[in-house]
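Colleague: My questions all concern the structure below.
Number of protein chains: 2
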Amino acid sequence: MSSLEKIEKTAERPRTRDSDATRLRILEAAKKEFAKSGLGGARVDDIAERAKANKRMIYHYFESKEGLFQAVLEQAYLDIRTAEQKLNLDHLDPKSALERLVRFTWDYYRKNPEFLTLVNSENLHRARHLKKSEVVKVANRRFVGMVAQILERGVREGVFRDGIDPVQLNITIAAVGYYYLTNRFTGSIVFERDLMAPEALEQRLQFNIDTILRVVSV
Amino acid sequence: MSSLEKIEKTAERPRTRDSDATRLRILEAAKKEFAKSGLGGARVDDIAERAKANKRMIYHYFESKEGLFQAVLEQAYLDIRTAEQKLNLDHLDPKSALERLVRFTWDYYRKNPEFLTLVNSENLHRARHLKKSEVVKVANRRFVGMVAQILERGVREGVFRDGIDPVQLNITIAAVGYYYLTNRFTGSIVFERDLMAPEALEQRLQFNIDTILRVVSV
DNA sequence: CAAGGAAGTAACTAGATAGTGCGTTAACGG
DNA sequence: CCGTTAACGCACTATCTAGTTACTTCCTTG
Numbered sequence: 001m002s003s004l005e006k007i008e009k010t011a012e013r014p015r016t017r018d019s020d021a022t023r024l025r026i027l028e029a030a031k032k033e034f035a036k037s038g039l040g041g042a043r044v045d046d047i048a049e050r051a052k053a054n055k056r057m058i059y060h061y062f063e064s065k066e067g068l069f070q071a072v073l074e075q076a077y078l079d080i081r082t083a084e085q086k087l088n089l090d091h092l093d094p095k096s097a098l099e100r101l102v103r104f105t106w107d108y109y110r111k112n113p114e115f116l117t118l119v120n121s122e123n124l125h126r127a128r129h130l131k132k133s134e135v136v137k138v139a140n141r142r143f144v145g146m147v148a149q150i151l152e153r154g155v156r157e158g159v160f161r162d163g164i165d166p167v168q169l170n171i172t173i174a175a176v177g178y179y180y181l182t183n184r185f186t187g188s189i190v191f192e193r194d195l196m197a198p199e200a201l202e203q204r205l206q207f208n209i210d211t212i213l214r215v216v217s218v
Numbered sequence: 001m002s003s004l005e006k007i008e009k010t011a012e013r014p015r016t017r018d019s020d021a022t023r024l025r026i027l028e029a030a031k032k033e034f035a036k037s038g039l040g041g042a043r044v045d046d047i048a049e050r051a052k053a054n055k056r057m058i059y060h061y062f063e064s065k066e067g068l069f070q071a072v073l074e075q076a077y078l079d080i081r082t083a084e085q086k087l088n089l090d091h092l093d094p095k096s097a098l099e100r101l102v103r104f105t106w107d108y109y110r111k112n113p114e115f116l117t118l119v120n121s122e123n124l125h126r127a128r129h130l131k132k133s134e135v136v137k138v139a140n141r142r143f144v145g146m147v148a149q150i151l152e153r154g155v156r157e158g159v160f161r162d163g164i165d166p167v168q169l170n171i172t173i174a175a176v177g178y179y180y181l182t183n184r185f186t187g188s189i190v191f192e193r194d195l196m197a198p199e200a201l202e203q204r205l206q207f208n209i210d211t212i213l214r215v216v217s218v
């Protein structure tokens, strides 16, 4: 049976057994649990319960806890890279394109805080899961190219200075948002200020846009 | 017996029982284990073994695994704040002072990677341990003041622009180094480049100094 | 419609893990 | 040098946890 037929049939009469749906529920539940407690702290039983699935199904679909983590991480990277590709920055002038990318990165981190925690977790484990994922590597390549293209265009049009390493810029765009948000709890204590207050968030985004534009300006 | 007398006596004849030394060995071992595996992933038995102490002693000195984590984290924050205070930035011109601070932050993170991991772990737990620590809060206050003073001086001397929020600048100085180093494993995969190669590290530090100076420049 | 495979369940296990009860011995003050 | 205090060690436990065994139930397809 084709995938399309399957979807049509499901639409007609919801099945009591649906491997795709169960797989997705497990993935979603695992993302939340891993993000909340890390790979070491998350509990397989809790994931099963949250997914409203039997624990046996996790091992059926993902082999092991590690396999499940790998699948979650892979999906998280594919999701953000896919969203980035939809930005269509080529149609904007270089400055606007860069601003849009900074804004998108910030918004994405805000709306998907699990992504930050998953990446932290993966780095705690020296990226041993990501290393294995070929599909993610391909997606990343296209992403790095995006910023390089904006930079080149900006230099050609005389609005950006020459000689900026696109990788350094990429890292910096991520850094100024990522650090602020992932360390929002200790940050709010260290700086004695609620970093997650709406005005504070708005102020930070503006600061970040300004920072990045200053980095590239001639 | 005074602390001085104690030290003198110890120098004469090393004691087989020494509560201070044992406490310190446990703290050091715990810092490494917590940094390696996080609060959830670290094992009390492993900490005891690494410290060459009996597990019972951990509970004797620190009450619980959580209590031990709190002590480790507190010490880590006191250490970095103490080191920062020794920088003596007041004797330098504002630009040099700022550059020195960026350089110090970078070097400190490089030499003390456990600090990064501990902070990540603490944020995973919504900073519930740091919240309780009054002594760390006091140390942080002095630290935030440092950057504010450099900024003020720079504005007065006409080398920095006015209106920069010292907290935002502070966060950005930390961010550009922290993000690069804490995410060095996934980063090396995403950007298909060894981010920890000596030239790469040198290049990043220069980029960070340049970024921060551009942020404050008139 | 039969049969075989896939989805799903419940109960279990072996090993780990945080935390303790209690006894032992070194150090230190008197 | 003796008695008390505090450092230290051993062996134990209750509970948790990743992973599994053995089974039932539903769905598809020839």
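Taken in order, these protein sequences are the chains called G and V.
Going by our numbering, the first residue of the first sequence is number 1, and it counts up by one from there.
Going by our numbering, the first residue of the second sequence is number 1, and it counts up by one from there.
Quick reminder that beta carbons are idealized off the backbone N, C-alpha and C, glycines included.
1. Which partner residues of residue 227 of chain G appear in the DSSP bridge assignment?
2. Can you tell me whether DSSP reads residue 60 of chain V as helix, strand or coil?
3. Got a sec: is the Cβ-Cβ distance from residue 144 of chain V to anything in chain G below 8 angstroms?
4. For the segment 119–142 of chain V, which residues have a beta carbon sitting closer than 9 angstroms to at least one beta carbon of chain G?
5. So, with DSSP's three-state summary, where would you put residue 133 of chain G?
6. For a cutoff of 8 angstroms on Cβ pairs, would you count residue 202 of chain V as touching chain G?
7. Rounded to whole angstroms, how far is the Cβ of residue 23 of chain G from the Cβ of residue 61 of chain G, which I believe are closer than 8 angstroms?
8. Which residues, in order along the segment 166–190 of chain V, keep a beta-carbon less than 8 angstroms from a beta-carbon of chain G?
9. How many angstroms separate the CA atom of residue 197 of chain G from the CA atom of residue 187 of chain G?
10. Is residue 217 of chain V buried or exposed, if buried means 16 or more other CB atoms sit within 10 Å of its CB?
11. Distance cutoff 8 angstroms, beta carbons only. Does residue 154 of chain V sit that close to anything in chain G?
12. Compute the distance between the beta-carbons of residue 207 of chain G and residue 168 of chain V, then report whether it is under 8 angstroms.
13. Start and end of the alpha helix (DSSP H) containing residue 93 of chain G?
14. Look at residue 177 of chain V and residue 105 of chain V and say whether their C-beta atoms are less than 8 angstroms apart.
15. What did DSSP end up calling residue 193 of chain V once you bin it into helix, strand or coil?
16. Is the separation between the beta-carbon of residue 182 of chain G and that of residue 88 of chain G shorter than 8 angstroms?
17. Closer than 7 angstroms by C-beta to residue 53 of chain G: which residues in its own chain qualify, once you throw out the five before and the five after it? Chain order, please.
18. In chain order, what residues of the same chain have a beta carbon less than 7 angstroms from the beta carbon of residue 68 of chain V, not counting five sequence neighbours either side?
19. Relative to the alpha-carbon of residue 36 of chain G, which residue among V:126, V:212 and V:160 has its alpha-carbon at the smallest distance?
20. Taking the CB atoms as reference points, tell me whether residue 139 of chain V and residue 78 of chain V lie closer together than 8 angstroms.
21. Do residue 219 of chain G and residue 130 of chain V have their C-beta atoms within less than 8 angstroms of each other?
22. Rounded to a whole number of angstroms, what is the C-alpha to C-alpha distance between residue 43 of chain V and residue 50 of chain V?
23. Going along the chain, which residues of its own chain have a beta-carbon closer than 7 angstroms to the beta-carbon of residue 224 of chain G, five neighbours each way excluded?
24. Select from G:156, G:20, G:145 and G:165 the residue whose C-alpha is nearest the C-alpha of residue 93 of chain G.
25. List the endpoints of the continuous alpha helix (DSSP H) containing residue 120 of chain G.
26. In or out: residue 66 of chain V buried (at least 16 other Cβ within 10 Å) or exposed?
27. Considering Cα atoms alone, identify which of V:16, V:143, V:91 and V:55 is closest to residue 171 of chain V.
28. Compute the Euclidean distance between the alpha carbons of residue 32 of chain V and residue 160 of chain G, then round it to the nearest angstrom.
29. Quick one: which chain G residues come within Cβ less than 9 angstroms of residue 193 of chain V?
30. Leaving out five residues before and five after residue 220 of chain G in sequence, what residues of the same chain have Cβ atoms less than 7 angstroms from its Cβ?
31. Starting from residue 128 of chain G, follow the alpha helix (DSSP H) in both directions and report where the run begins and ends.
32. Quick one: list the residues of chain V neighbouring residue 82 of chain G, beta-carbon separation under 9 angstroms, in chain order.
33. My output table needs one value for residue 53 of chain V: the three-state DSSP class, helix, strand or coil.
34. On the CB-based measure, 16 or more other CB atoms within 10 Å of its CB, does residue 154 of chain G come out buried or exposed?
35. Given this structure, state the Cα-to-Cα distance separating residue 118 of chain V from residue 108 of chain V, to the nearest angstrom.
Modeller: Looking at the atomic coordinates:
1. Because chain G in this structure spans residues 1 to 218, residue 227 of chain G falls outside the shown range and cannot be described.
2. Three-state DSSP puts residue 60 of chain V in a helix.
3. So, interface residue.
4. Taking 9 angstroms as the Cβ-Cβ cut-off, the segment 119–142 of chain V approaches chain G at 119, 120, 121, 122, 123, 124, 125, 126, 127, 128, 130, 131, 133, 136, 137, 140 and 141, given in chain order.
5. Three-state DSSP puts residue 133 of chain G in coil, outside helix and strand.
6. Taking a beta-carbon distance threshold of 8 angstroms, residue 202 of chain V does not count as an interface residue toward chain G.
7. About 5 angstroms separates the beta carbons of residue 23 of chain G and residue 61 of chain G, which is inside the 8 angstroms limit, making them a contact pair.
8. Taking a C-beta cut-off of 8 angstroms against chain G, the contacting residues of the segment 166–190 of chain V are 167, 168, 170, 171, 172, 174, 175, 176, 178, 179, 180, 182, 183, 184, 185, 186, 187, 188, 189 and 190, listed in chain order.
9. Residue 187 of chain G has its alpha-carbon roughly 13 angstroms from the corresponding atom of residue 197 of chain G.
10. Note on residue 217 of chain V: under 16 other CB atoms within 10 angstroms of its CB, so exposed under the neighbour-count rule.
11. Residue 154 of chain V is outside the set of residues whose beta carbon lies under 8 angstroms from a beta carbon in chain G.
12. At a Cβ-Cβ threshold of 8 angstroms, residue 207 of chain G and residue 168 of chain V count as neighbours.
13. Following the DSSP letters along the chain, one finds residue 93 of chain G in no alpha helix (DSSP H), marked with neither H nor E.
14. In this structure, residue 177 of chain V lies near residue 105 of chain V, with their beta-carbon atoms less than 8 angstroms apart.
15. In this structure, residue 193 of chain V counts as coil in the three-state DSSP scheme.
16. The answer is no: Cβ separation not under 8 angstroms.
17. Only residues of its own chain outside the window of five on either side were considered, and among them 22, 25 and 26 have a CB closer than 7 angstroms to the CB of residue 53 of chain G, listed in chain order.
18. Listed in chain order, the non-local C-beta contacts of residue 68 of chain V below 7 angstroms within the same chain comprise 30, 58 and 62, local neighbours out to five positions each way being set aside.
19. Considering only alpha carbons, the answer is V:126.
20. The Cβ atoms of residue 139 of chain V and residue 78 of chain V lie closer than 8 angstroms to each other.
21. There is simply no residue 219 of chain G to check, as chain G begins at 1 and stops at 218 in what is shown.
22. The alpha-carbon atoms of residue 43 of chain V and residue 50 of chain V are separated by roughly 11 angstroms.
23. Past the edges of chain G, shown from 1 to 218, lies residue 224 of chain G, and the structure says nothing about it.
24. The shortest C-alpha separation from residue 93 of chain G is found at G:156.
25. Counting along the chain, the alpha helix (DSSP H) containing residue 120 of chain G begins and ends at 113–124.
26. Exposed.
27. It is V:143 whose Cα lies nearest to the Cα of residue 171 of chain V.
28. Straight-line Cα distance between these residues: approximately 44 angstroms.
29. Within chain G, the residues near residue 193 of chain V are 167.
30. Residue coverage of chain G in this structure runs from 1 to 218, which leaves residue 220 of chain G outside it and unanswerable.
31. Careful: residue 128 of chain G lies outside any alpha helix (DSSP H) and carries neither H nor E.
32. Contact note: residue 82 of chain G does not reach chain V at a C-beta cutoff of 9 angstroms; the least C-beta distance is about 15 angstroms.
33. DSSP, reduced to helix, strand and coil, places residue 53 of chain V outside both helices and strands of the structure shown, so it counts as coil.
34. Residue 154 of chain G should be labelled buried.
35. In this structure, the alpha-carbon of residue 118 of chain V lies about 14 angstroms from that of residue 108 of chain V.
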